[in-house]
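Student: Below is the structure I would like to discuss, written out as structure tokens.
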Amino acid sequence: MTTQPPPHPDHIFDRELIAESLDRLANSYRPRTQPVPESPSLMLPDSLPETGIGDSAALDTLAPAVLDASAQLHHPGYFAHMDPPTPAITWAASLWQVATNQNLLHPDAAPAARSLTEKVVNWLAPSFGMSGGHFVPGSTIANLTALWAARQLKQVTRIAASEKSHLSIRKSAEILGLKYIALPTNSRHEMDISGLTQLDRTALVLTAGTVATGIIDPLIRPDDAAWVHVDAAWSGPLRLTDRFTHCLDGIDTADSVGFSAHKWLYQPKGSALVLFRNSDAAHDALSYGGGYLATPNIGLLGSTPAAAVPLAAMLLSWGRTGLVQRIESDMTKADQLAQLIESD
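Residue numbers (this note's numbering): 71 to 414.
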């Protein structure tokens with residue numbers, strides 16, 4: 071029997087180092103009484119260090135900026151932007167993800183990670199009336215991927231979206247070489263498509279939750295639209311609830327849907343999904359082969375992290391019921407805030 075050489079010291083499991091990092095995280099996690107500094111000072115050298123300072127010293131150096139000066143998203147008084155705190159189960163699973171460093175590009179090297187990813191997509195896609203899809207780093211890439219599929223499958227020549235749609239839609243039009251049409255909104259800030267004609271070569275983007283006000287466009291598919299995409303970056307998980315699923319009625323008539331798991335599924339940054347009503351056709355249109363690839367590469371990304379690992383862990387831990395409880399609790403808080411504003 072051949073004796074295997076020991077792993078390189080850099081790759082040996084260092085329980086003490088991980089424990090040290092967890093201790094630092096725990097100490098920084100106590101709610102603060104002051105906001106984070108707007109211009110934190112980084113005690114780092116101006117140029118790339120020639121010699122290393124060691125693992126513990128590196129953590130010592132980075133902790134003031136990475137931990138102590140980071141916004142505490144979990145703080146009861148935190149109020150800003152669309153960045154949710156991540157639950158502890160995602161931290162534990164993310165450690166596994168980083169340690170194993172699986173690349174979904176290669177089925178021979180990451181078969182379990184690929185299977186897990188497909189399983190999570192299959193858990194979520196039916197709630198949107200979609201047949202499948204894949205993970206992407208964010209809704210900007212989800213929107214671009216969906217509109218790329220529209221160009222490839224339906225030969226669309228233009229993209230129409232609300233004037234209040236996310237800037238990624240306009241970016242996508244420029245990248246894809248398509249004409250961009252910004253449609254006006256009505257008094258409720260919903261997109262008005264009454265003046266839009268000849269949709270047979272148009273990809274129509276409906277926004278389910280605008281950035282500034284959270285408005286959901288009427289999710290009504292025009293009969294003559296070549297392609298309909300719903301940007302549900304924030305609101306998408308409402309479809310998993312019973313109480314609020316009606317807010318996205320009509321989303322199942324779309325050709326594609328994108329949403330960010332790192333928003334209302336409480337995931338670490340870099341986790342989103344693009345879903346398709348006919349995922350086989352979309353993936354075929356977005357597939358590229360190469361001499362070194364065992365299977366075609368689908369979509370924009372080459373090397374792809376196993377972002378489904380922390381999401382799968384959370385969904386298994388909470389179940390649909392636990393997730394829905396948290397989403398509905400968020401909606402209750404939003405109602406309470408609205409009442410406070412109206413009564414002021």
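Backbone N, C-alpha and C define an ideal beta-carbon position, used for all residues, glycine too. Nothing here was measured: the structure is a model prediction, and the numbers come from that model.
#1: Any contact between the region 337-349 and the region 313-328? By contact I mean 3 or more CB pairs, one from each, below 8 Å.
#2: Roughly how many angstroms separate the alpha carbons of residue 85 and residue 220, rounded to a whole number?
#3: Classify residue 369 as buried or exposed, calling it buried when 16 or more other Cβ atoms lie within 10 Å of its own Cβ.
#4: Could you work out which residue in 254, 82, 190 and 259 is closest to residue 170 when comparing CA atoms only?
#5: Report all residues from its chain with a CB closer than 8 Å to the CB of residue 319; omit the five preceding and five following residues, and keep chain order.
#6: If you run the structure through DSSP and keep just helix, strand and coil, what is residue 397?
#7: Can you list, in chain order, the residues of its chain with a C-beta nearer than 7 Å to that of residue 233? Leave out the 5 residues immediately preceding and following it.
#8: Please confirm whether residue 382 and residue 190 have their CB atoms less than 8 Å apart.
#9: I'd like to know whether the C-beta atoms of residue 309 and residue 205 end up nearer to each other than 8 Å.
#10: Using the beta-carbon count (16 or more within 10 Å), is residue 362 buried or exposed?
#11: Assign residue 232 to one of three DSSP states: helix, strand, or coil.
#12: Tell me which same chain residues have a C-beta within less than 8 Å of the C-beta of residue 357, skipping the five on either side of it?
#13: From residue 77 to residue 340, what distance separates their C-alpha atoms?
#14: What is the rounded straight-line gap between the Cα of residue 79 and the Cα of residue 91?
#15: Give the secondary structure of residue 297 by DSSP, where H, G and I count as helix, E and B as strand, and everything else as coil.
#16: Can you tell me whether DSSP reads residue 367 as helix, strand or coil?
#17: State the DSSP-derived secondary structure class of residue 302, mapped to helix, strand or coil.
#18: So residue 201 is in the beta strand (DSSP E); what residue range does that whole segment cover?
#19: Excluding the 5 residues flanking residue 203 on each side, which residues of the same chain have their C-beta closer than 7 Å to its C-beta?
#20: As an exercise, report each continuous alpha helix (DSSP H) stretch of at least 4 residues that is fully enclosed by the region 152-232, in chain order.
#21: For the candidate residues 399, 404 and 337, whose alpha-carbon lies nearest to that of residue 162?
#22: What residue range does the alpha helix (DSSP H) around residue 349 cover?
#23: Please tell me whether residue 223 and residue 351 are closer than 8 Å, where the distance is taken between their beta carbons.
#24: Name the two residues that bound the continuous beta strand (DSSP E) containing residue 249.
#25: So what does DSSP say about residue 121, is it helix, strand or coil?
#26: My output table needs one value for residue 283: the three-state DSSP class, helix, strand or coil.
#27: Helix, strand or coil: which one does DSSP assign to residue 392?
#28: Figure out for me which residue from 193, 400 and 236 has the closest Cα to the Cα of residue 314.
#29: In or out: residue 275 buried (at least 16 other Cβ within 10 Å) or exposed?
#30: Classify residue 410 as helix, strand or coil using the three-state DSSP reduction.
#31: By the 10 Å Cβ neighbour count, where 16 or more other Cβ atoms means buried, how is residue 386 classified, buried or exposed?
#32: Does the beta-carbon of residue 238 have 16 or more other beta-carbons within 10 angstroms, so that it is buried, or is it exposed?
#33: From 243, 154 and 265, pick the residue whose C-alpha is nearest to that of residue 331; which is it?
#34: Comparing C-alpha positions only, which one of 94, 388, 303 and 406 sits nearest to residue 152?
Tutor: Working from what's here:
#1: Three or more Cβ pairs drawn from the region 337-349 and the region 313-328 lie within less than 8 Å of each other, which places the two stretches in contact.
#2: Straight-line Cα distance between these residues: approximately 49 Å.
#3: By the Cβ-count criterion, residue 369 is buried, with 16 or more other Cβ atoms from all chains shown falling within 10 Å of its own Cβ.
#4: Nearest option by C-alpha distance: 82.
#5: Cβ neighbours of residue 319 within its own chain (closer than 8 Å, five residues either side excluded): 289.
#6: When secondary structure is reduced to three states using DSSP, residue 397 falls in the helix class.
#7: 252, 253, 254 and 255.
#8: Yes, Cβ-Cβ distance for residue 382 and residue 190 is below 8 Å.
#9: No.
#10: Classification for residue 362: exposed.
#11: If DSSP states are grouped into helix, strand and coil, residue 232 belongs with the strands.
#12: Excluding the 5 residues flanking it on each side, residue 357 has same chain C-beta neighbours closer than 8 Å at 366, 367 and 368, in chain order.
#13: Going by the C-alpha atoms only, they are around 30 Å apart.
#14: In this structure, the alpha-carbon of residue 79 lies about 18 Å from that of residue 91.
#15: The three-state reading of DSSP puts residue 297 in strand, counting E and B together.
#16: Strand at residue 367.
#17: Three-state result, residue 302: coil.
#18: Looking at the DSSP string, residue 201 is not in any beta strand (DSSP E), and its letter there is neither H nor E.
#19: So the list reads 191, 195, 343, 344, 345, 346 and 349, once near-sequence residues are dropped.
#20: Qualifying alpha helix (DSSP H) stretches, in chain order: 158-170, 181-194 and 209-224.
#21: Answer by Cα proximity: 337.
#22: Unbroken alpha helix (DSSP H) run through residue 349: 349-355.
#23: Cβ atoms of residue 223 and residue 351: closer than 8 Å.
#24: From DSSP, the beta strand (DSSP E) with residue 249 extends over 249-253.
#25: Correct three-state label for residue 121: coil.
#26: It is coil, neither helix nor strand.
#27: The answer is helix: DSSP assigns residue 392 an H, G or I state.
#28: Residue 314 has its Cα closest to that of 400, out of 193, 400 and 236.
#29: Residue 275 comes out buried.
#30: Helix.
#31: Per the 10 Å Cβ criterion, exposed.
#32: With 16 or more other Cβ atoms from the protein chains shown falling within 10 Å of its own Cβ, residue 238 counts as buried.
#33: The residue from 243, 154 and 265 with its alpha-carbon nearest to that of residue 331 is 154.
#34: Comparing Cα-Cα distances from residue 152 to each of 94, 388, 303 and 406, the minimum goes to 303.
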